[in-house]
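Residue numbers (the working numbering): 2 to 207.
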């Protein structure tokens, strides 16, 4: 992690698997925590820029490429243990199968280490500044992920409804930013992923 001259938080993470590797870590990440109070319902900020996601894929074992994430745990489903904390993950990703120069935005619900309810949001061009927010709308029992193109002001928004009981505070109410890579295990040639993004004016609020 580095802090740029303009005050941006810069997260970058290379992940590689070599030709002689049969197994290597399937997941690498670099994370910046943004907040930790349980009573706050919005995570994100007006300055997400995916500078680039580059993948050297393995055609025999395609993976998920790289992801830039806003993650938040907002409440506990009732058991009072971290594995029952519920929230959402808002991601900007690219894999080798995606169109060149395009970043795919999507979101999903998270309960402990279980991920479900995937909803696509849309595509943006690499390097485009985006205002991205992830909100807990407790009244309507849903999460809201919003991405606004800071150049064109085009707004993309989706909702993630849930049926959990949401009256118990999260055991571990984390809010964080991350870059995550999924390099392939490949025995025929080197494979890897490099992801870089900047975050500016990040906030966690009620």
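Note that beta-carbon positions come from the ideal geometry of N, C-alpha and C, so glycine has one too. The structure displayed is predicted, hence computed values, not measured ones.
N- and C-terminal bounds of the beta strand (DSSP E) containing residue i
i	result
residue 163	Segment: none, residue 163 is in no beta strand (DSSP E) and carries neither H nor E.
residue 62	Taken as a continuous stretch (DSSP letters only), residue 62 belongs to no beta strand (DSSP E), as it is neither H nor E.
residue 200	192–200
residue 183	176–183
Opposing strand residues paired with residue i [DSSP bridges]
i	result
residue 105	94, 124
residue 145	136, 160
residue 112	87, 115
residue 54	196
residue 71	91, 178
residue 77	86, 169
residue 150	131
residue 49	131, 200
Sequence-distant residues of the same chain with beta carbon closer than 6 Å to residue i, five excluded per side
i	result
residue 149	132, 156
residue 118	109, 110, 161
residue 69	51, 93, 180, 198
residue 97	56, 58
Closest Cα partner of residue i within the set the options
i	options	result
residue 1	130, 62, 118	Nothing about residue 1 can be reported from this structure: the residues present for the chain run from 2 to 207 only.
residue 143	177, 108, 65	108
residue 179	189, 185, 199, 188	199
residue 125	49, 202, 203	49
residue 87	73, 205, 153	73
residue 176	123, 81, 137	137
residue 115	202, 99, 89, 203	89
residue 141	164, 189, 203	164
Own chain partners of residue i with C-beta closer than 8 Å, once the 5 adjacent residues on each side are dropped
i	result
residue 53	127, 128, 195, 196, 197
residue 113	83, 84, 85, 86
residue 103	95, 124, 125, 126, 127
residue 27	Only weak support is given to the placement of residue 27: the predicted model assigns it a pLDDT of 33, under 50, and the question is left unresolved by the model.
Contacting residues, own chain, Cβ-Cβ under 7 Å from residue i (five flanking each side not counted)
i	result
residue 79	85, 166, 169
residue 171	39, 74, 75, 76, 77, 86
residue 99	105
residue 159	108, 120, 122, 146
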